[in-house]
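Q: The structure is given below, and queries will be raised subsequently.
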Amino acid sequence: MVDVRKNTMSSNTSPSSVIPAVALEDVHLTLDGPAGPVNILRGVDLSVPQGMALGVVGPSGSGKTTMIMIVAGLERVSKGKVSVAGTDYGALDEDGLALFRRDNVGIVFQQFHLIPTMTALENVAVPMEFAGRKDAFDRAEAQLKRVGLGHRMDHYPGQLSGGEQQRVALARAFGVEPKILLADEPTGNLDGGTGQQIIELLFELHDHHKTTLVLITHDMKLAARCDRVVRINDGLIAGEGLTKAAE
Amino acid sequence: MAGLFDGSISIRFALRELRGGIKGFRIFLACLALGVAAIAGAGSLNDSVKAGIAADAQPLLGGDLQARMSERPINATEMSALTAAGRVSYQIQLRTMARAEEADGSVRQRALTELKAVDDAYPLYGTLQTEPQILVARILEQSNGTWGTAIDTSLANRMAVKVGDVINVGEARLQIRALIVKEPDRVVTFATAGPRVLVSTAAMADTQLMQQGSLVSHVYNIKVDQGGSAERLREQLTKNFPDTGWRMRGVNQAAQGVEAFLDNVTLFLTLVGMTALLTGGIGVANAVRAYMMSRINTIATLKCLGAPAEVIFRMYLVQMSILSVVGIGMGLVLGAIIPVIAGQALEGLLPVNAQFGVYPAPLFKALVFGVLTAAVFALWPLARARDIPPIALFRNMLAPARAWPRRRYMAALVVLASALAAYTIGTAEQPRYATFFVVGTAVALMLFALAAKGVMSLARKLSGGRGGAVAGQPTLRLALSNLYRPGAPTTSVVLSLGLGLSVLVSIALVQSNLNTRLNEGLPQDAPSMFFIDIQSTQVEQFEKLVRAVPGTNKVTTASMIRGRISKVKGVEVEKADIDPDSRWAVRGERGVSQASTLPENAKLVKGEWWPADYAGENLVSIDERVAEGMKLKIGDTLGLSILGREITAKVANTRDVRWQSGTMNFTLIYSPAALAGAPGMYIATVNSDVGVENAIENAVLEAMPNVTVVQVRDAVQMLKDVLGTLSVAVRITAAVALFAGALVLAGAIAAGHTRRIYESVVLKVLGATRGNVLSAFIFEYCLLGFATGAIAVGVGALASWAVVVHIMKLQWDMGYGLAIGVVVVCIGVTLLAGFAGTWRALGTKAAPLLRND
Chain A
113 MVDVRKNTMS
123 SNTSPSSVIP
133 AVALEDVHLT
143 LDGPAGPVNI
153 LRGVDLSVPQ
163 GMALGVVGPS
173 GSGKTTMIMI
183 VAGLERVSKG
193 KVSVAGTDYG
203 ALDEDGLALF
213 RRDNVGIVFQ
223 QFHLIPTMTA
233 LENVAVPMEF
243 AGRKDAFDRA
253 EAQLKRVGLG
263 HRMDHYPGQL
273 SGGEQQRVAL
283 ARAFGVEPKI
293 LLADEPTGNL
303 DGGTGQQIIE
313 LLFELHDHHK
323 TTLVLITHDM
333 KLAARCDRVV
343 RINDGLIAGE
353 GLTKAAE
Chain B
51 MAGLFDGSIS
61 IRFALRELRG
71 GIKGFRIFLA
81 CLALGVAAIA
91 GAGSLNDSVK
101 AGIAADAQPL
111 LGGDLQARMS
121 ERPINATEMS
131 ALTAAGRVSY
141 QIQLRTMARA
151 EEADGSVRQR
161 ALTELKAVDD
171 AYPLYGTLQT
181 EPQILVARIL
191 EQSNGTWGTA
201 IDTSLANRMA
211 VKVGDVINVG
221 EARLQIRALI
231 VKEPDRVVTF
241 ATAGPRVLVS
251 TAAMADTQLM
261 QQGSLVSHVY
271 NIKVDQGGSA
281 ERLREQLTKN
291 FPDTGWRMRG
301 VNQAAQGVEA
311 FLDNVTLFLT
321 LVGMTALLTG
331 GIGVANAVRA
341 YMMSRINTIA
351 TLKCLGAPAE
361 VIFRMYLVQM
371 SILSVVGIGM
381 GLVLGAIIPV
391 IAGQALEGLL
401 PVNAQFGVYP
411 APLFKALVFG
421 VLTAAVFALW
431 PLARARDIPP
441 IALFRNMLAP
451 ARAWPRRRYM
461 AALVVLASAL
471 AAYTIGTAEQ
481 PRYATFFVVG
491 TAVALMLFAL
501 AAKGVMSLAR
511 KLSGGRGGAV
521 AGQPTLRLAL
531 SNLYRPGAPT
541 TSVVLSLGLG
551 LSVLVSIALV
561 QSNLNTRLNE
571 GLPQDAPSMF
581 FIDIQSTQVE
591 QFEKLVRAVP
601 GTNKVTTASM
611 IRGRISKVKG
621 VEVEKADIDP
631 DSRWAVRGER
641 GVSQASTLPE
651 NAKLVKGEWW
661 PADYAGENLV
671 SIDERVAEGM
681 KLKIGDTLGL
691 SILGREITAK
701 VANTRDVRWQ
711 SGTMNFTLIY
721 SPAALAGAPG
731 MYIATVNSDV
741 GVENAIENAV
751 LEAMPNVTVV
761 QVRDAVQMLK
771 DVLGTLSVAV
781 RITAAVALFA
791 GALVLAGAIA
801 AGHTRRIYES
811 VVLKVLGATR
821 GNVLSAFIFE
831 YCLLGFATGA
841 IAVGVGALAS
851 WAVVVHIMKL
861 QWDMGYGLAI
871 GVVVVCIGVT
881 LLAGFAGTWR
891 ALGTKAAPLL
901 RND
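Chains as they are written, first to last, in this note's numbering: chain A, 113 to 359; chain B, 51 to 903.
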């Protein structure tokens, strides 16, 4: 089970000779809303060592997804410092972030976000093609077979079930062998059985590739499978701790 | 479930849905309004001008009835028949040269003019407006031995003369006493050769222009006495004087040339309007389809809650009907206003006074076109939406389950489309051209649809995953896949933009071919000058005079007699079976010639030429194409009426006449003895070096003031000017169809806006830079623009080839510069429309779109 105790064990307290996969320092994000500025994140500090699986929990609207968007380089912080795999995001422009993402970050969304005009195989190959890999299609095929979709390679997203689409999304995310995989409630749109299969696959791939995993979930059981869990509340890390899985 | 209340439920639900506003239907409304406005506007303009003609019919004709004779005036018996019926005004009309001379008698300026001599009764209706305004009799009377004249202002400007100056026409000196502001019975058309010189009939003797065989018309306008009827008079005259050979016109034919021209213009405008409406129809279909796709959840929910498919169909049918009424209404209002606004701009440019106002008939016609078009194009997507299954709520569906609507809707579609075609043909003034249009458009639409399918399948083949031509180029593959994905705008853009563009391409190509033929088409051996009205006694002197001018290369003279083809194989021409393409040859009088030897430039096709000393029975040589149109074979007979005398001749041979060679040609050439005794005159062509034309003209006209000259260069220039003016007007009009296409393009691209933003964001998440996304969009629009432009050029070129080769019988060249230009412009327009719709997609922040909602 998860034991999340406030500040009992800050993940950035133990210095490591190894560069952390994710390092957030006093990260603030303020957005302009119709009724004035809204403070989404109010000073988040977080360090995730390489290869760790980090679960992120918290109520809706607490800032979980925003934090993952910042780690992905899809959202700029208002204040603070973001480093991923040793790269300071502050030094990169939008295209620089895109290229960094291409080589280092995989993302899996609750709503899959596949390109509807491309087949499963093409969807998986896209990031590898952007990276200029000659073996993009061979690797894409291997990834699809690995997630059990060898027979669906030429299907369009519209022709696949929700579970199949999420498996394509997983294959796509792992295709470039990212250093960090970000998953935002990847089973939120799936039934229990299918969701379970996806989670098994996610962790299997994480183990296999030794990828750092940041997983947002409402499911405490699922969070418990991670090495560490942080709880976010009202834009702040409200607590964190190791799980039994990590012990 | 279907019951009495279904209708009211459908209406209630439809109105409820429409509360959300009509924001998504701007293109729908614009497409319908534009097409309907174009058709209504063209019809209203036509009716306005025709109403103007009808209101001024008597002044325009010059009387209640007009009898026209060629070459000879009517005799005393015929004249007394006219005067018994009412008041008669006599006119003589001919083309001739006017001269302005210096004090020493040398000619300062010459101009080809239309001379009209009138008697004291002129005008029977209306008023001759002059500057200064003086009585006609005062203007034209002889004073101090000099006859008076009124001339067009344009002629006064060209010859640098003013009121009080003297000009010479033929052998007569005429003092300009006034400038013509408006002639009540003159309708200026493109066929008008020159400015007016108005004189008294009494002055004609002094001009000495009335020689035997001269190209002169004698016109008798009759103002029928009270209680009399012009129609009855016409019948009596035709019955009592069957051999006089006069051509009669009543008030309903007052401005025949203008009306025919107007009908052609209206037909063209209506067909362009139809093209715009059909193009707009594609926009309507797109808008309805996009709307129905956005309503999938609503439809599925309603079905889950127990709504039968028929109620769903009716509900959206009601919505589309309401929107159509709004769009068509907007078009009708616009169409009714167009002629009033255009009237202000056209004031003074139209040959007659138009009566601008609201004319219900053309508005009704446009209304029917609008309703049928909206129905044809909206039915398909509506019928498909009817079959959206309730399960759609729970699936991420890209399209309804059924690709084709049910059979009854297909049948309704066929009926509506046929009704649209039948209405187009049935309401056209020239059903033949309307039929060509309907068939041509159907073929063009099919070609476009096929071409679009081809483009899509090529794109699919090229982009095909691993090993495809674009493997490793995800942006290019994205661009290609956007061309063939389900719901891609390719077909609608190719159809709509392509249709408008191909109309423009075909018009531009026809015009450029005409221009090329005008510029280069005149062969080296084409003459530089034409002379008419040379008397037989002057021929020898004429040739001598011309040859004496250095730079003259060749002089060709031929006798010309005017006659009307009266019988074909013994059958009256009115009853003879003659192809429409050859009817021109029997309409009115033609110049015919006689020759003992085959003229140069002529090529015998069938039969043999008669011996040089032939003196046997009457033989005739005829233009091969006309012979074909009249179904004449060698040995058949042809009747020619010359001044009421009928000459029958056997067809001896047929010739291939190259009219575009510019050399002297005749449809009919008779054996020498056949036309003996018939009054005629000579015409001549002169080939000369460039720059000596004026010297030749001066030499001839100084000695023979009765001769009329036309310089080919001037005539060609005039033709070019007319064509230039026409082509600008035609292109502006055709641009309406293109505008409709651009509207559809904008609509199609706007419909994909959300999808593009989404794609752009997902690509960025996967590591695409803005440059990558931008190049994907550029590729897509370039490919779409290129494909559409190329197909439009192909179809437009095909249409122009058919017109130039088969209708105009001219050589056709492909305008490659134009083709490349059109493709480049098409790519530019598509890129522009694309970026206007998607630029925002590039800068869209990813995070808000990717959050779980």
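Even for Gly, the Cβ is constructed at its ideal location relative to N, Cα and C. Small disclaimer: the values here were computed from a predicted structure and weren't measured.
At what residue ranges does the segment 636-667 of chain B contain a whole run of the beta strand (DSSP E), taking only runs of 3 or more?
A: Here the runs fully enclosed are 640-644 and 653-657.
Q: Using the C-alpha atoms, what's the distance from I189 (chain B) back to Y140 (chain B)?
A: When rounded, the distance between both Cα atoms is 17 Å.
Q: Rounded to whole angstroms, how far is the Cβ of W296 (chain B) from the Cβ of I103 (chain B), which I believe are closer than 8 Å?
A: Wrong, their Cβ atoms sit about 23 Å apart, outside the cutoff.
Q: Mind listing the chain B neighbours of A335 (chain A)? Cutoff is C-beta to C-beta under 9 Å, in chain order.
A: By Cβ distance, chain B contributes nothing, its closest Cβ being about 17 Å from A335 (chain A), past 9 Å.
Q: Nearest CA to the CA of A424 (chain B): which residue from B:L84, B:L824 and B:L881?
A: If we check each option's Cα against that of A424 (chain B), B:L84 comes out closest.
Q: Can you tell me whether E221 (chain B) is helix, strand or coil according to DSSP?
A: Three-state result, E221 (chain B): coil.
Q: The alpha helix (DSSP H) with F212 (chain A) in it runs from where to where?
A: E206 to N216 is the extent of the alpha helix (DSSP H) around F212 (chain A).
Q: State the DSSP-derived secondary structure class of D903 (chain B), mapped to helix, strand or coil.
A: Reliability fails at D903 (chain B), whose pLDDT of 45 lies under 50, so the model's placement of it is uncertain and no value is given.
Q: What three-state label does DSSP hand L688 (chain B) in the structure shown?
A: DSSP places L688 (chain B) in strand when its eight states are reduced to three.
Q: Given Q277 (chain A), which residues of its chain have a CB within under 7 Å of its CB, disregarding the five upstream and five downstream residues?
A: Around Q277 (chain A): F224, L226 and P269.
Q: Relative to the C-alpha of S691 (chain B), which residue among B:V636, B:G685 and B:M680 is closest?
A: For the residues B:V636, B:G685 and B:M680, the minimum Cα distance to S691 (chain B) belongs to B:V636.
Q: Measure from the C-beta of F286 (chain A) to each C-beta in chain B and report whether the shortest distance is under 8 Å.
A: False, the Cβ-Cβ gap to chain B never drops below 8 Å.
Q: Just to confirm my understanding: we take L204 (chain A), look at its own chain, exclude 5 residues before and 5 after, and list those with CB closer than 8 Å. What are they?
A: Within the same chain, L204 (chain A) has close Cβ partners G185 and F212.
Q: Would you mind stating whether S513 (chain B) and S531 (chain B) have Cβ atoms separated by less than 8 Å?
A: Yes, they are a contact pair.
Q: Under a three-way DSSP split, which group does D247 (chain A) fall into?
A: Residue state, collapsed to three classes: coil.
Q: Kindly indicate which three-state DSSP category W430 (chain B) falls into: helix, strand or coil?
A: It is helical.
Q: Quick one: give me the first and last residue of the alpha helix (DSSP H) that W197 (chain B) is part of.
A: Run containing W197 (chain B): none in the alpha helix (DSSP H); it sits in the beta strand (DSSP E), T196 to D202.
Q: What is the DSSP secondary structure of D303 (chain A), reduced to helix, strand or coil?
A: If DSSP states are grouped into helix, strand and coil, D303 (chain A) belongs with coil.
Q: Given a threshold of 16 other Cβ atoms within 10 Å of its Cβ, counted over all protein chains shown, does H268 (chain B) qualify as buried or as exposed?
A: Classification of H268 (chain B): buried, given that the 10 Å Cβ count is 16 or more.
Q: Taking Cβ positions only, does P524 (chain B) come closer than 8 Å to chain A?
A: Cβ-Cβ to chain A under 8 Å: yes for P524 (chain B).
Q: Identify the residues that DSSP records as bridge partners of L327 (chain A): which are they?
A: Per DSSP, A:G167 and A:A295.
Q: What does T348 (chain B) touch in chain A if you count any residue whose Cβ is under 9 Å from its own?
A: Per Cβ cutoff of 9 Å: no residues; T348 (chain B) is ~20 Å from chain A at best.
Q: Going by DSSP in three states, Y341 (chain B) sits in which element: helix, strand or coil?
A: Reduced to three states, the DSSP call for Y341 (chain B) is helix.
Q: Does K232 (chain B) come out as helix, strand or coil in the three-state DSSP assignment?
A: Correct three-state label for K232 (chain B): strand.
Q: Residues in the same chain with beta-carbon distance under 8 Å from D215 (chain B), minus the five sequence neighbours each way, listed in chain order, please.
A: Within the same chain, D215 (chain B) has close Cβ partners A150, Q225 and I226.
Q: List, in chain order, every chain B residue whose beta-carbon is nearer than 9 Å to that of A243 (chain A).
A: The answer, in chain order, is G817.
Q: Among B:Y483, B:P431, B:N218 and B:R76, which residue has its Cα nearest to the Cα of G377 (chain B)?
A: Comparing Cα-Cα distances from G377 (chain B) to each of B:Y483, B:P431, B:N218 and B:R76, the minimum goes to B:R76.
Q: Does any C-beta atom of chain B lie closer than 8 Å to the C-beta of R213 (chain A)?
A: Yes, contact with chain B.
Q: Where does N532 (chain B) fall in DSSP's three states?
A: Reduced to three states, the DSSP call for N532 (chain B) is helix.
Q: How many whole angstroms separate the CB atoms of T880 (chain B) and L824 (chain B), which I take to be in contact at a CB cut-off of 8 Å?
A: Not quite, the Cβ-Cβ distance comes to about 15 Å (not below 8 Å), so this is no contact.
Q: Do V189 (chain A) and I182 (chain A) have their CB atoms nearer than 8 Å?
A: In contact: V189 (chain A) and I182 (chain A) (Cβ atoms closer than 8 Å).
Q: If you follow the alpha helix (DSSP H) that H803 (chain B) is in, where does it begin and where does it stop?
A: Its alpha helix (DSSP H) spans residues H803 to V815.
Q: Taking contact to mean at least 3 C-beta pairs separated by less than 8 Å, is the segment 784-796 of chain B in contact with the segment 315-332 of chain B?
A: As far as the Cβ criterion goes, the segment 784-796 of chain B touches the segment 315-332 of chain B, which means the pair count is three or higher.
Q: Taking only the alpha-carbon atoms, compute the straight-line gap between E233 (chain B) and T485 (chain B) and give it to the nearest angstrom.
A: Going from the Cα of E233 (chain B) to the Cα of T485 (chain B) covers about 39 Å.
Q: Can you confirm whether L327 (chain B), when its beta carbon is compared against all beta carbons of chain A, has any partner nearer than 8 Å?
A: So no, L327 (chain B) is outside the interface.
Q: Have a look at the DSSP bridge pairing and note the partners of T163 (chain B).
A: Note: T163 (chain B) sits in a beta bridge opposite B:T146.
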